[in-house]
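Reviewing the structure listed below.
Structural data, given as structure tokens:
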């Protein structure tokens, strides 16, 4: 099975990297961009064959390592 994890900063948490990207886009002439939030995507290949077990395992990975749950939120897609 494959899993895709999307990790983003929670609403209300400042995103200086996103702000730097927004500023750089404006400098390059893309003045219509008013906000940028930057995150990360993590793709995992899993040995699991049970969808529910795979999702539970990936959520545990997120809670323990892949996301800083104090300031980040995450979503998991299993395929």
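In this note's numbering, the protein residues as written are 2 to 80.
Where a beta carbon is used, it is the ideal one built from N, C-alpha and C, also for glycine.
As the structure is a computational prediction, the values presented were derived from the model and not from experiment.
Could you name the residues that DSSP lists as bridge partners for residue i?
i: residue 59; result: Answer is none; residue 59 lacks a bridge partner.
i: residue 40; result: 9
One question on the structure: do residue i and residue j come within less than 7 Å of each other, judged by their Cβ atoms?
i: residue 23; j: residue 37; result: yes
i: residue 7; j: residue 70; result: no
i: residue 26; j: residue 14; result: no
Is DSSP giving residue i helix, strand or coil here?
i: residue 87; result: The shown model of the chain, from 2 to 80, leaves out residue 87, and the question about it has no answer.
i: residue 48; result: coil
With a CB to CB cut of under 7 Å and the five nearest residues on each side skipped, what residues in its chain are close to residue i?
i: residue 9; result: 38, 40, 73, 74
i: residue 16; result: 10, 38, 39
Leaving out five residues on either side along the sequence, give the residues of the same chain with a beta carbon under 8 Å from the beta carbon of residue i.
i: residue 11; result: 72, 73, 74
Compare the C-alpha of residue i against each of the options and name the closest.
i: residue 58; options: 70, 7, 45; result: 45
Quick one: residues in its chain with C-beta nearer than 6 Å to the C-beta of residue i, no 5 flanking neighbours on either side, listed in chain order?
i: residue 55; result: 2, 47, 49, 79
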